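**Q**
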Amino acid sequence: AEDIIFMSTPYNYEDVDFLDSLDVPAFKLASIHVAEPYFIKYVAKKSRPIILSTGMASFEDIQISINLLNKHFLKEITILHCVSKYPTPYVDVNLNIISDLQKKFDFPVGFSDHTVGIECALASVALGASIIEKHVTLDKNQSGPDHKASADIDEFKQLVKSVRNLEKALEKSEKKFTKEEIEIRNSARKSIISTCDIQKNKIITKKHICFKRPGLGFSPLDINLVIGRRAKKLIGKNRMIRKDDID
Numbered sequence: 295a296e297d298i299i300f301m302s303t304p305y306n307y308e309d310v311d312f313l314d315s316l317d318v319p320a321f322k323l324a325s326i327h328v329a330e331p332y333f334i335k336y337v338a339k340k341s342r343p344i345i346l347s348t349g350m351a352s353f354e355d356i357q358i359s360i361n362l363l364n365k366h367f368l369k370e371i372t373i374l375h376c377v378s379k380y381p382t383p384y385v386d387v388n389l390n391i392i393s394d395l396q397k398k399f400d401f402p403v404g405f406s407d408h409t410v411g412i413e414c415a416l417a418s419v420a421l422g423a424s425i426i427e428k429h430v431t432l433d434k435n436q437s438g439p440d441h442k443a444s445a446d447i448d449e450f451k452q453l454v455k456s457v458r459n460l461e462k463a464l465e466k467s468e469k470k471f472t473k474e475e476i477e478i479r480n481s482a483r484k485s486i487i488s489t490c491d492i493q494k495n496k497i498i499t500k501k502h503i504c505f506k507r508p509g510l511g512f513s514p515l516d517i518n519l520v521i522g523r524r525a526k527k528l529i530g531k532n533r534m535i536r537k538d539d540i541d
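Just so we're on the same page, our numbering is the position in the sequence shown counted from 1, plus 294.
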């Protein structure tokens with residue numbers, strides 16, 4: 295079992311009733327339905343979550359649809375950014391609108407992707423898309439508007455795999471270092487090193503120091519903690535200066 299959820303897009307009242315009888319988990323409304331208030335109200339009565347595609351729709355159109363869907367109670371709605379062009383040229387995709395839709399309507403936003411390839415779908419994930427709609431075909435060379443903009447089976451597999459990888463990469467938002475990164479930092483960064491013998495009680499100046507790897511001693515960022523300090527003991531030439539070397 296692949297744990298695939300069945301859904302379908304209703305295009306008339308009979309479709310809505312039939313899908314409702316199958317207990318579908320949600321209704322996906324096509325972009326054309328944004329301009330059909332009576333149809334939206336009929337779907338709203340079924341009290342199921344809604345995925346609302348918004349190709350050709352203005353912000354005002356979308357707001358009207360949401361108001362109709364929520365006339366009786368707040369629905370679980372996901373808005374899909376969509377450009378109704380098959381295939382959609384990259385210059386027309388306008389992916390940044392995803393953020394605008396999130397801010398304006400305060401609902402989850404997804405992306406209905408009609409571009410060639412999977413790049414835009416992946417970029418939408420980084421922008422916060424919660425759903426990706428991508429058409430799938432067995433042969434991109436078949437006639438009809440959808441096939442060229444659709445993913446073939448191998449491409450769709452790659453899309454799913456890449457989305458899962460992106461989810462892992464986007465999971466955290468705190469700035470912290472892995473164990474491996476700390477090890478690389480210690481070996482790649484530089485420390486403050488003596489350029490000559492620094493005699494005991496000598497005040498350390500810029501001419502006494504340089505910067506060399508590894509980064510296990512004073513960082514170059516900490517130069518003011520070393521310059522002007524007194525050597526507690528003889529510091530040999532070309533040696534990493536440590537805290538117990540200086541007063």
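From the three backbone atoms N, C-alpha and C, an ideal C-beta is built for every residue, glycine too.
Everything numeric in this text was worked out from a predicted model, so none of it was measured.
1. Check CYS414 in the structure and name its three-state DSSP category.
2. Going by beta carbon distance, what residues of the same chain come within less than 7 Å of LYS484, once the five residues before and after it are set aside?
3. Taking the beta carbon of PHE353 as the centre, do at least 16 other beta carbons fall within 10 Å, making it buried, or is it exposed?
4. Let's test the definition: count the other Cβ atoms within 10 Å of the Cβ of ASP541 and tell me whether it reaches 16, buried, or not, exposed.
5. Could you check if PRO568 is buried or exposed, using at least 16 other CB atoms within 10 Å of its CB as the buried criterion?
6. Using the beta-carbon count (16 or more within 10 Å), is HIS366 buried or exposed?
7. Taking 7 Å as the cut-off, decide whether the C-beta atoms of ALA417 and ASP407 are in contact.
8. So, do the stretch 303-318 and the stretch 363-383 have three or more beta carbon pairs nearer to each other than 8 Å?
9. SER471: buried (16+ other C-beta within 10 angstroms of its C-beta) or exposed?
10. Inspect the beta-carbon positions of SER552 and SER378 and report whether they are closer than 7 Å.
11. If you scan the stretch 342-385 from start to end, which runs of the alpha helix (DSSP H) of 4 or more residues do you find wholly inside it?
**A** Short version:
1. helix
2. PHE505, LYS506, ARG507, GLY509 and PRO514
3. exposed
4. exposed
5. Residue coverage of the chain in this structure runs from 295 to 541, which leaves residue 568 outside it and unanswerable.
6. exposed
7. no
8. no
9. According to the sequence as given, residue 471 is Phe; it is not Ser. Answer is exposed; the Cβ neighbour count stays below 16.
10. Past the edges of the chain, shown from 295 to 541, lies residue 552, and the structure says nothing about it.
11. 353-363
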